[in-house]
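The sequence shown begins at 86 in my numbering and counts up one residue at a time.
Backbone N, C-alpha and C define an ideal beta-carbon position, used for all residues, glycine too.
Each remark here refers to the structure printed beneath this line.
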Amino acid sequence: MAATPLMNEFHEVAHLTPEDLEDLLNDPAYFQSIFHPLPQVKKLHQAQAELGMANKAIARASLSLQVFGVMWSANSETIKHVVDSRMRHMNQYLMLLQQFECSTFNPQFLLLRIRRATTPQDDTPEVLASSFVPSSPTPSTGNDASDVDEFVREFRELRKVYHKRLM
86 MAATPLMNEF HEVAHLTPED LEDLLNDPAY FQSIFHPLPQ VKKLHQAQAE
136 LGMANKAIAR ASLSLQVFGV MWSANSETIK HVVDSRMRHM NQYLMLLQQF
186 ECSTFNPQFL LLRIRRATTP QDDTPEVLAS SFVPSSPTPS TGNDASDVDE
236 FVREFRELRK VYHKRLM
């Protein structure tokens, strides 16, 4: 199987047969079983877990301030400012992380990339056909019956691979 940019970036699907790739596109459970073990997705889940723990720590700090009944004086205003600042930064980071996740790791985007990988498989038979058909008609092209049979066999195989991938 020819190496495509998708196969180079996601080595996990490089070993799959065309039938397995078709199943991957059609079966959401199978897609999820391939999608969630990807290192990129694991890193994303880890980053979300770390943000959740940081959020809990900030919430505990906020609750501890309330439990001890700290009156909001000049020092507590500074603490409040620091906590608010950290909360804003964390919220901005969460928004960026969610935007990144939605644009890069959602299943629809990966399916689109897999489907776009079929374009070179569509071009290959066309190049073969163009090389077989002479550019100017001549009485003796040298294409005898065995050449035509060989061309038809190769062309059918290439188109078969394209149509299997397209499904």
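Unbroken alpha helix (DSSP H) run spanning residue i, endpoints
i: Phe116; result: 113 to 120
i: Phe194; result: 192 to 201
i: Ala214; result: 204 to 217
Nearest-angstrom Cα separation, counted from residue j out to residue i
i: Ala214; j: Leu101; result: 28 Å
i: Val218; j: Ala132; result: 56 Å
i: Lys165; j: Arg173; result: 12 Å
i: Arg145; j: Gln183; result: 24 Å
i: Leu195; j: Thr163; result: 46 Å
i: Phe185; j: Val98; result: 22 Å
Minimum C-alpha distance to residue i - residue among the options
i: Pro90; options: His166, Met180, Ile199, Phe217; result: Ile199
i: Phe140; options: Ser118, Ala114, Val168, Pro124; result: Before going further, note that residue 140 is Asn rather than Phe in the sequence given. The option with the nearest alpha carbon to Asn140 is Val168.
i: Leu243; options: Ser170, Asp208, Val233; result: Asp208
i: Arg241; options: Gln193, Ile143, Pro210; result: Pro210
i: Val212; options: Phe236, Arg201, Val126; result: Phe236
i: His96; options: Met180, Ile119, Thr163, Ser231; result: Ile119
i: Asp112; options: Glu239, Ser216, Pro192, Lys249; result: Pro192
i: Val233; options: Val246, Lys249, Gln125, Ser216; result: Ser216
Helix, strand or coil at residue i according to DSSP, with G and I counted as helix
i: Phe236; result: helix
i: Phe185; result: helix
i: Ala144; result: helix
i: Ala99; result: coil
i: Leu129; result: helix
i: Leu110; result: helix
i: Asp229; result: coil
i: Thr89; result: coil
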